[in-house]
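Numbered per the numbering used here, the sequence shown spans residues 41 to 157. Where is the CB? At the ideal position from N, CA and C, for every residue including glycine.
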Amino acid sequence: MNRSTQLICLTACLSLLFVVCAIPGNAQPIPDKQAVVEQMRLANAYFMKKWPDVGKPIVTNKERASNIWTRGVYYEGLMALYEIDPQPEYYDYAVRWAEFHNWDLRDGDTYTRNADN
Numbered sequence: 041m042n043r044s045t046q047l048i049c050l051t052a053c054l055s056l057l058f059v060v061c062a063i064p065g066n067a068q069p070i071p072d073k074q075a076v077v078e079q080m081r082l083a084n085a086y087f088m089k090k091w092p093d094v095g096k097p098i099v100t101n102k103e104r105a106s107n108i109w110t111r112g113v114y115y116e117g118l119m120a121l122y123e124i125d126p127q128p129e130y131y132d133y134a135v136r137w138a139e140f141h142n143w144d145l146r147d148g149d150t151y152t153r154n155a156d157n
């Protein structure tokens, strides 16, 4: 294949790729914000009902403390939910967990110099 033919083939392939990418796909529509919040409430209600005692150890294949990193991720999500749906029980649940585990600033001071504080 000579250089001219290669260039024509490359141009044709790139043009076809452009056309295919420009055609809208069958993507799912973005869900309604209220529907998403309802699902977040439902998932959180399940969690809070399953774990009403914020200090109770987690038992799966072995017993783990209730302050493991995965629980911390849940509480981060809970505070994100609280930000868009400020229900007092969300805040109270998170505060009870923090108080149970004596969570506080690293040095007991409000001065913050880095992310560890």
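Does the pairing of the stretch 69-85 with the stretch 116-131 give three or more beta-carbon distances under 8 Å?
-> Judged by Cβ distances under 8 Å, the stretch 69-85 makes contact with the stretch 116-131, as three or more pairs qualify.
Per-residue DSSP class, three states only, for A113 = The count along the sequence shown starts at 1 and reaches residue 113 at position 73. At residue 113 the sequence reads Val, which differs from the Ala that was named. V113 carries a helical assignment under DSSP once its states are collapsed to helix, strand and coil.
If you scan the stretch 61-90 from start to end, which runs of the alpha helix (DSSP H) of 4 or more residues do you find wholly inside it?
-> For the stretch 61-90, whole alpha helix (DSSP H) runs of length 4 or above, ordered along the chain, are 73-90.
Taking DSSP as the reference, what is the three-state secondary structure of V99?
-> In the sequence shown, counting from the first residue as 1, residue 99 sits at position 59. In the structure shown, V99 sits in a strand (DSSP, three-state: E or B).
Check each candidate in N101, Q79, T100, W91 and name the one with the smallest Cα separation from Y115.
-> The residue you call residue 115 lines up with position 75 of the sequence shown. Nearest option by C-alpha distance: W91.
Q127 CB to nearest heavy atom of the ligand SAM below 7 Å | Inclusion of the ligand SAM in the displayed structure is not the case, the ligand content being empty and no account of it being possible.
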